[in-house]
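Asks: Would you mind keeping the following structure in view while I ask a few things?
Below is the structure:
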């Protein structure tokens, strides 16, 4: 879901990292499907994409 959303916004890993404070390595791993979103990342992604936090909950690691 995050991959599709970042593509729709033409966001690159570096853009997301800069805006959210999450490392570029972590962002790249999430976008590549190698890592799930940490619960602490949810509010940051929600703010960046201007979406409600529940939009990202399905992707939270657990």
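Residue numbers (the working numbering): 320 to 381. Note that beta-carbon positions come from the ideal geometry of N, C-alpha and C, so glycine has one too.
Assign residue 356 to one of three DSSP states: helix, strand, or coil.
Replies: Correct three-state label for residue 356: strand.
Asks: Between the C-alpha atoms of residue 351 and residue 345, what's the straight-line distance to the nearest angstrom?
Replies: So the two alpha carbons sit approximately 10 Å from each other.
Asks: When the distance is taken between beta carbons, is residue 332 closer than 7 Å to residue 343?
Replies: Taking 7 Å as the Cβ cut-off, residue 343 and residue 332 qualify as a contacting pair.
Asks: Give the straight-line distance between the Cα atoms of residue 353 and residue 370, rounded to the nearest whole angstrom.
Replies: In a straight line, the C-alpha of residue 353 is about 23 Å away from that of residue 370.
Asks: Could you tell me the alpha carbon to alpha carbon distance between residue 377 and residue 358, rounded to whole angstroms?
Replies: Each residue's Cα considered, the two are about 10 Å apart.
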